[in-house]
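This report refers to the structure that appears directly beneath it.
Protein chains: 4
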Amino acid sequence: MEFNDHKPIYLQIADTVCDKILSGEWNAEDRVPSVRELGMTLGVNPNTIMRSYEYLQTINVIYNKRGVGYFVDPSAKDAIINQERRIFLEEELPKILNKMKLLNINPEDIFSIKNN
Amino acid sequence: MEFNDHKPIYLQIADTVCDKILSGEWNAEDRVPSVRELGMTLGVNPNTIMRSYEYLQTINVIYNKRGVGYFVDPSAKDAIINQERRIFLEEELPKILNKMKLLNINPEDIFSIKNN
Amino acid sequence: MEFNDHKPIYLQIADTVCDKILSGEWNAEDRVPSVRELGMTLGVNPNTIMRSYEYLQTINVIYNKRGVGYFVDPSAKDAIINQERRIFLEEELPKILNKMKLLNINPEDIFSIKNN
Amino acid sequence: MEFNDHKPIYLQIADTVCDKILSGEWNAEDRVPSVRELGMTLGVNPNTIMRSYEYLQTINVIYNKRGVGYFVDPSAKDAIINQERRIFLEEELPKILNKMKLLNINPEDIFSIKNN
DNA sequence: GTGGTCTAGACCACC
DNA sequence: GTGGTCTAGACCACA
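Protein chains in written order, with the numbering used here: chain Z, 48 to 163; chain Y, 48 to 163; chain H, 48 to 163; chain U, 48 to 163.
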């Protein structure tokens, strides 16, 4: 896995976990890889994976069964989508639209790209 | 001014300077506020403002007259627009469209807002 | 059964066993559930129940008849009461009272509830 | 500083920070010691202090000014008291009262200790 | 100077 | 086997 430089690895890993849940690759109650296992797979230190999992736990995407492992929270998918929709619509979109206005970019420009 | 976390303050300040130039609030050859003055206004260490100005100078948005101050470069507006258009269309937009797809947000619905 | 985080499950189980003995639900020489049976009931690995029982055996609350099962020790009730009274009064209560003081909770108000 | 064995050091440190705020030793907007400084003082690794501070930040007891340090949140005191009162009254107290009942401990026993 | 991230490696309790 | 905590030490960006 390649990591973008200016975003912490542990957050990038958390993002990919969310993506796998959103895409249906990992489903409710599935066990996610152990910190050691995923660390080996991605070539990063288990501590870093641990940090991802702690973060994902605080936002209720995974939960822990002690001594057993981490599991996908049944409400994870909804939680992720709602959270991201809210952030996107309320915070990111206004900035994007404002930027488009300043840069004189029209919707047509966008749709022409989209259809490539 | 509130500073969005995870993006360096000096870059956020540089962004607002660019915005003021793009929007026409600050024009070619206008003097921009002194490092100290803007620092006071924003409640930020002057060193941080200095860093913004140095950055803006490297991308030819402002220039310096020694002992006098910083001024808006005549070619700033065009430079910013071209640079940011390129980045926006090539790098940011694909990510945005992909995200909207994952979140089930229809681009047509959103960008038609612009026409209201 | 829900398990309070940060306290080992096997100790939480041991606590509930003690409670059942204190409350008179389980009496001297009664047979306690088998490791497998209680594991099923609580949705917990039998190894964990085993660990509870081993612990309860070391503090003389239950004893084992090989091939038969675990039984409530005749002296269990007294032993538990004396042990827990001591711990409660000497160790826990001072902390509790101190905390109530910090939180502005009046002990008289609270403990008079008991008399209702 | 002495650390209790079965509670993570970083939580114990967080507790002492809360105590200092509750007791008025540290007030709103005060700067708390840097992670390195407090690490030296307590003889623990700065990473461990960092972990305490991250935790305290998530529960809105301190906040961060980038490149400057951590500061006591103006609402910290109220937040801590409300949070701890709630936990105490709703979660801990019922257990305590139940335990007292099982152990035949009367309020009088408590007040006699309290007055020593 | 400050916090923040990451690695390597150790040790522990728990299941 | 699992997660969880802690240390030591490195390196980085930011103010």
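The beta carbon of each residue, even a glycine, is placed where N, CA and C say it ideally should be.
Keep in mind it's a predicted model, so treat the numbers as computed, not measured.
| field | Chain-ordered chain Z contacts of I56/H [CB-CB under 7 Å] | value | The sequence position of residue 56/H within the third sequence is 9, counting from 1. Result: R113.
| task | Spell out whether any CB of chain U is found under 7 Å from the CB atom of E131/H. | result | Translated into positions along the third sequence, residue 131/H becomes position 84. It does: the Cβ of E131/H has a partner Cβ on chain U nearer than 7 Å.
| Nearest to K112/U by CA position, among V64/Y, N92/Y and D125/Y, is which residue? | Counting from one through the fourth sequence, the residue named residue 112/U turns up at place 65. Ranking the options by Cα distance to K112/U, first place goes to N92/Y.
| request: Rounded to whole angstroms, what's the CA-CA distance from L69/U to I127/Z? Just pull it up for me. | output: Taking the fourth sequence and counting its residues from 1, one reaches residue 69/U at position 22. Taking the first sequence and counting its residues from 1, one reaches residue 127/Z at position 80. Their backbone Cα atoms lie some 36 Å apart in a straight line.
| task | Inspect the beta-carbon positions of T95/Z and Y57/Z and report whether they are closer than 7 Å. | result | Translated into positions along the first sequence, residue 95/Z becomes position 48. Translated into positions along the first sequence, residue 57/Z becomes position 10. With contacts defined as CB atoms closer than 7 Å, T95/Z and Y57/Z qualify as a contacting pair.
| query | From what residue to what residue does the beta strand (DSSP E) around G116/Y run? | reply | Indexing the second sequence from 1 puts residue 116/Y at position 69. Here the beta strand (DSSP E) through G116/Y covers G116 to V119.
| Three-state secondary structure (DSSP) of I109/Y | Position 62 of the second sequence, counting from 1, holds the residue named residue 109/Y. Strand, per DSSP.
| said: With a threshold of 7 Å between beta-carbons, can L149/Y be considered close to chain Z, or not? | reply: On the second sequence, residue 149/Y is found 102 positions in, with the first residue counted as 1. The beta-carbon of L149/Y is placed less than 7 Å from the nearest beta-carbon of chain Z.
| task | Using a threshold of 7 Å, state whether the C-beta atoms of Y117/U and V79/U are closer than that. | result | Locating residue 117/U in the fourth sequence gives position 70, counting from the first residue. Locating residue 79/U in the fourth sequence gives position 32, counting from the first residue. Against a cut-off of 7 Å, the Cβ pair of V79/U and Y117/U comes out as a contact.
| Rounded to the nearest angstrom, how far is the Cβ of D125/U from that of N107/U, given a contact under 8 Å? | Within the fourth sequence, numbered from 1, the residue matching residue 125/U stands at position 78. Within the fourth sequence, numbered from 1, the residue matching residue 107/U stands at position 60. Approximately 10 Å separates the beta-carbon atoms of D125/U and N107/U; this is outside 8 Å, ruling out the contact.
| In whole angstroms, what separates the C-alpha of K54/Y from that of E72/U? | Counting from 1 along the second sequence, the entry for residue 54/Y is found at position 7. Counting from 1 along the fourth sequence, the entry for residue 72/U is found at position 25. Straight through space, the alpha carbons of E72/U and K54/Y are spaced by roughly 34 Å.
| task | With a threshold of 16 other CB atoms inside 10 Å of the CB of A75/Z, please say whether the residue is buried or exposed. | result | Position 28 of the first sequence, counted from the first residue, corresponds to residue 75/Z. Burial call: exposed.
| Among residues of its own chain, excluding the 5 on either side of N51/Z, which ones have a beta-carbon nearer than 7 Å to its beta-carbon? | Stepping through the first sequence from its first residue, residue 51/Z is reached at position 4. Excluding residues within five positions, the ones whose Cβ falls inside 7 Å are Q59.
| task | Would you kindly report the start and end of the unbroken alpha helix (DSSP H) that includes K67/H? | result | One-based indexing of the third sequence puts residue 67/H at position 20. For K67/H, the enclosing alpha helix (DSSP H) begins and ends at I56 to L69.
| message | Strictly below 9 Å CB to CB, what residues from chain Z border D125/Y? | response | Sequence index remark: in the second sequence, residue 125/Y carries index 78 (1-based). Against chain Z, a Cβ distance below 9 Å from D125/Y picks out nothing, because the smallest value is about 12 Å.
| field | Whole-angstrom distance between M48/Z and I143/Z, CA atom to CA atom | value | Taking the first sequence and counting its residues from 1, one reaches residue 143/Z at position 96. Taking the first sequence and counting its residues from 1, one reaches residue 48/Z at position 1. Taking the straight line joining both Cα atoms gives about 29 Å.
| Pairwise C-alpha distance: M147/Z and N162/Y | The residue given as residue 162/Y occupies position 115 in the second sequence. The residue given as residue 147/Z occupies position 100 in the first sequence. Low per-residue confidence applies at N162/Y: pLDDT is 48, beneath 50, and the placement is therefore not dependable, though the value from the model is reported in the following sentence. Cα to Cα, the separation comes out at about 12 Å.
| Which chain Z residues sit within Cβ distance under 7 Å of K146/Y? | The count along the second sequence starts at 1 and reaches residue 146/Y at position 99. Taking the beta carbon of K146/Y as reference, the chain Z residues within 7 Å of it are F135, listed in sequence order.
| query | According to DSSP, what are the bridge partners of R78/Z? | reply | Mapped onto the first sequence, residue 78/Z falls at position 31. R78/Z is bridged to F118/Z.
| query | According to DSSP, is N164/H helix, strand or coil? | reply | Because chain H here runs from 48 to 163, residue 164/H falls outside it and cannot be looked at.
| Taking the alpha-carbon positions, what's the G90/Z to E139/Z distance? | Within the first sequence, the letter at position 43 stands for residue 90/Z. Within the first sequence, the letter at position 92 stands for residue 139/Z. If you take the alpha carbons of G90/Z and E139/Z, they lie about 32 Å apart.
| request: Give the straight-line distance between the Cα atoms of D77/Z and K67/Z, rounded to the nearest whole angstrom. | output: Within the first sequence, the letter at position 30 stands for residue 77/Z. Within the first sequence, the letter at position 20 stands for residue 67/Z. Looking at the two C-alpha atoms, the distance is approximately 11 Å.
| message | Check whether chain H comes within 7 Å of L69/U, counting only Cβ atoms and requiring the distance to be less than that. | response | Position 22 of the fourth sequence, counted from the first residue, corresponds to residue 69/U. True, the Cβ-Cβ gap to chain H drops below 7 Å.
| CB contact flag (R132/Z, L150/Y, <7 Å) | Within the first sequence, the letter at position 85 stands for residue 132/Z. Within the second sequence, the letter at position 103 stands for residue 150/Y. Result yes, Cβ atoms of R132/Z and L150/Y sit closer than 7 Å.
| Do A61/U and S99/U have their C-beta atoms within less than 7 Å of each other? | Taking the fourth sequence and counting its residues from 1, the one referred to as residue 61/U is at position 14. Taking the fourth sequence and counting its residues from 1, the one referred to as residue 99/U is at position 52. Taking 7 Å as the cut-off, the beta carbon of A61/U is found closer than this to the beta carbon of S99/U.
| field | Of the listed residues I152/Z, N153/Z, V82/Z and L103/Z, nearest to Q130/Z (C-alpha basis) | value | In the first sequence, counting from the first residue as 1, residue 130/Z sits at position 83. Residue L103/Z holds the alpha-carbon nearest to the alpha-carbon of Q130/Z among I152/Z, N153/Z, V82/Z and L103/Z.
| When E137/Z, I134/Z, E155/Z and I109/Z are compared against L136/Y, the one with the closest alpha-carbon | Your numbering for residue 136/Y matches position 89 in the second sequence. Cα-wise, what sits closest to L136/Y is E155/Z.
| query | What does D66/Y reach in chain Z if we use C-beta pairs closer than 8 Å? | reply | Reading the second sequence from its first residue, position 19 is the one you call residue 66/Y. Within chain Z, the residues whose beta carbon sits less than 8 Å from that of D66/Y are L149, listed in sequence order.
| said: DSSP three-state label for M147/H, please. | reply: In the third sequence, the residue the question calls residue 147/H occupies position 100. Helix at M147/H.
| task | Below 7 Å CB to CB, which residues in the same chain sit around K81/H once its five sequence neighbours on both sides are set aside? | result | Start at 1 with the first residue of the third sequence, and residue 81/H comes out as number 34. Lys is not the amino acid found at residue 81/H; the sequence shown has Ser there. Result list for S81/H: G116, in chain order.
| query | Just how far apart, CA to CA, sit E84/Y and P141/Y? | reply | Position 37 of the second sequence, counting from 1, holds the residue named residue 84/Y. Position 94 of the second sequence, counting from 1, holds the residue named residue 141/Y. Rounded to the nearest angstrom, the two C-alpha atoms are 39 Å apart.
| How about N163/Y: is its C-beta nearer than 7 Å to some C-beta of chain Z? | For the purposes of this step, residue 163/Y is identified with residue 116 of the second sequence, where counting begins at 1. Unreliable positioning characterises N163/Y in this predicted model, as indicated by a pLDDT of 46, which lies under 50. The coordinate reading is nonetheless provided below. Judged by the 7 Å Cβ criterion, N163/Y is not in contact with chain Z.
| Residues near Y110/H in its chain [Cβ-Cβ closer than 8 Å; skip 5 each side] | In the third sequence, residue 110/H corresponds to position 63, counting from 1. Cβ neighbours of Y110/H beyond the five flanking positions: Q104, Y117, F118 and D120.
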